[in-house]
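According to our numbering, numbering within the sequence shown proceeds without interruption in unit steps and concludes at 1405. Written below as structure tokens is the structure these notes are about.
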Amino acid sequence: MHTLDQVDAAALRSDIPEFRPGDTVKVNVKVVEGNRSRVQAFQGVVIARQGAGVRETFTVRKISFQVGVERTFPVHAPSLESIEVVTRGDVRRAKLYYLRGLRGKKAKIKEKRENTAAQA
């Protein structure tokens, strides 16, 4: 079993920022079309993170032309160019699947405020 752990450790990426469900992230994905390659951005709310190690994935949901679009990405995939945290969300759940049934302002996630007492 230790051999698998060593193989997994070699494939782990270290440039992944810390993010949680409720955070709005911008994921830049390398897309290969024929012999050309380009970077496609997908920005939305992280609604789930599951798995661990190399097999860890996260699901991002965005609204595009009044239609909800969800995309699941492997965290350590080489096709991910970068992940950028846009805003931090203040939620009390690990899985935000309930957002699928909400529209408009009800689907809005409160932004986590930084602790101002620590700055003073």
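Think of the CB as a built atom: it goes at the ideal place given N, C-alpha and C, for glycine as much as any other residue.
- Message: Once DSSP output is grouped into helix, strand and coil, what is the label at residue 1311?
- Response: Per DSSP, reduced to three states, the secondary structure at residue 1311 is strand.
- By Cβ distance below 6 Å, which residues in the same chain neighbour residue 1309 in space, the five residues on each side in sequence not counted? The answer, listed in chain order, is 1330, 1371 and 1372.
- Item | Beta carbon of residue 1335 nearer than 8 Å to that of residue 1342 | In this structure, the beta-carbon distance from residue 1335 to residue 1342 falls below 8 Å.
- Item | Those residues which DSSP pairs with residue 1343 across a bridge | Answer by DSSP bridge pairing, in chain order: 1334 and 1358.
- Message: Looking at residue 1356: is its Cβ nearer than 8 Å to the Cβ of residue 1345?
- Response: The answer is yes: Cβ separation under 8 Å.
- Message: Going by DSSP in three states, residue 1316 sits in which element: helix, strand or coil?
- Response: DSSP places residue 1316 in strand when its eight states are reduced to three.
- Item | Span separating the alpha-carbon of residue 1383 from that of residue 1394 | Each residue's Cα considered, the two are about 12 Å apart.
- Task: Tell whether a beta-carbon distance below 8 Å holds between residue 1365 and residue 1316.
- Result: Not in contact: residue 1365 and residue 1316 (Cβ atoms no closer than 8 Å).
- Task: Answer with buried or exposed for residue 1386, where buried requires no fewer than 16 other C-beta atoms within 10 angstroms of its C-beta.
- Result: Classification for residue 1386: exposed.
- Measuring CA to CA, which of 1333, 1360, 1323 and 1397 is closest to residue 1298? That would be 1360, whose Cα lies nearest to the Cα of residue 1298.
- How would you call residue 1324, buried or exposed, if buried means at least 16 neighbouring beta carbons within 10 angstroms? Residue 1324 is exposed by the Cβ-count criterion.
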